[in-house]
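Peer 1: Submitted below is the structure of interest, expressed as structure tokens.
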Amino acid sequence: AQSVSQHNHHVILSEAASLELGCNYSYGGTVNLFWYVQYPGQHLQLLLKYFSGDPLVKGIKGFEAEFIKSKFSFNLRKPSVQWSDTAEYFCAVNADNAGNMLTFGGGTRLMVKP
Amino acid sequence: ETGVTQSPTHLIKTRGQQVTLRCSSQSGHNTVSWYQQALGQGPQFIFQYYREEENGRGNFPPRFSGLQFPNYSSELNVNALELDDSALYLCASSDGRAGNEQFFGPGTRLTVL
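Protein sequence lines correspond, in order, to chains C and A. When we follow the numbering used here, the leftmost residue of the first sequence carries the number 532, and every step to the right adds one. When we follow the numbering used here, the leftmost residue of the second sequence carries the number 11, and every step to the right adds one.
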């Protein structure tokens, strides 16, 4: 069975700082990869996804993520965070043997100080 | 386009009781997945329904069951509630293609006392 690890549980940054959130998964086959965000009081929303092709994918609000197959990683980045990026971020994997099922990491709670 | 809706928003039950949670999928979506999100954790897959049939199940006991109706809305039923069932229950809908984006509802917060 696949699993997803997000090593940073809590991250605190000042505005304009750069962000990188780690995500590693364990599954040797083909995967689709996702980052979801949950803003305070709101439901989960998709930030970006990787299915195939260019391993560097760009999402909404200036976020991007890079799929490194050899490292089983899909880290999320943003060059300059804003206060409005304060939220919880979840990495998720859909394995090719799992239909439409998503396996989520434990989440990273990001706080951006103004 | 109507998004995913869930009802109720909050629910308090006692141990041993039964609960039914409801979900209306986004327009045009035929697949509904249910997830359990315990406090401080990521969502865990419970099961998925595609065209009224269960189409995959996570590591949850049989007292977690579900239904999908012809209009693709869905119910999650939990029998013999336990304290550890306290969580946010999320419903997500999609168009059924493997790996495609799932759209999440706001969740139902269940508290078991």
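Glycine included, each C-beta is placed from N, C-alpha and C at the ideal position.
(1) Fully enclosed by the stretch 57–86 of chain A, which beta strand (DSSP E) runs are 3 residues long or longer?
(2) DSSP state of Val549(C), grouped into three classes?
(3) Which of the three DSSP states, helix, strand or coil, is assigned to Leu31(A)?
(4) Report the residue from Thr634(C), Ala532(C), Glu619(C) and Lys644(C) whose alpha carbon sits nearest the alpha carbon of Leu578(C).
(5) What residues from chain A crowd round Phe656(C), counting only those whose CB sits closer than 9 Å?
(6) With 7 Å as the C-beta to C-beta threshold (strictly closer), list the residues of the stretch 568–586 of chain C near chain A in chain order.
(7) Name, in chain order, the residues that DSSP records as bridge partners for Thr15(A).
(8) To which residues of the same chain is Ser549(C) closer than 8 Å at the C-beta, ignoring the five residues directly before and after it?
(9) For chain A, is any of its Cβ atoms less than 7 Å away from the one on Met632(C)?
(10) For the structure I just gave you, are there three or more beta carbon pairs, one from the stretch 97–114 of chain A and one from the stretch 24–43 of chain A, closer than 8 Å?
(11) Checking contacts by CB at 7 Å: is Phe621(C) closer than that to chain A?
(12) Could you list which residues in chain C have their beta carbon closer than 7 Å to that of Phe114(A), in chain order?
(13) To the nearest angstrom, how far is the alpha carbon of Pro18(A) from that of Gln28(A)?
(14) Going by the DSSP bridge assignment, what does Ser534(C) pair with across the sheet?
(15) If you drop the 5 nearest sequence neighbours on each side, which residues of the same chain put their C-beta closer than 7 Å to that of Ala90(A)?
(16) Count the other CB atoms, across all protein chains shown, that sit within 10 Å of the CB of Gln573(C); report buried if there are 16 or more and exposed otherwise.
(17) Could you give the first and the last residue of the continuous beta strand (DSSP E) run that contains Lys589(C)?
(18) Please list the segments of the beta strand (DSSP E) lying wholly inside the stretch 577–645 of chain C, counting only runs of 3 or more residues, in order along the chain.
(19) Looking at chain A, is there any beta carbon in it that lies within less than 7 Å of the beta carbon of Gly638(C)?
Peer 2: Inspection of the coordinates gives the following:
(1) 63–67 and 74–78
(2) The question names Val, yet the displayed sequence has Ser at residue 549(C). Coil at Ser549(C), not helix or strand.
(3) strand
(4) Glu619(C)
(5) No answer is possible for residue 656(C): the residues shown for chain C start at 532 and end at 645.
(6) His574, Leu575, Leu577, Lys580 and Phe582
(7) Ser34(A)
(8) Arg608, Lys609, Pro610, Ser611 and Val612
(9) yes
(10) yes
(11) yes
(12) His574 and Leu575
(13) 14 Å
(14) Ser557(C)
(15) Gly26 and Arg73
(16) exposed
(17) Leu587 to Lys589
(18) 587–589, 595–599, 604–609, 618–626 and 639–644
(19) yes
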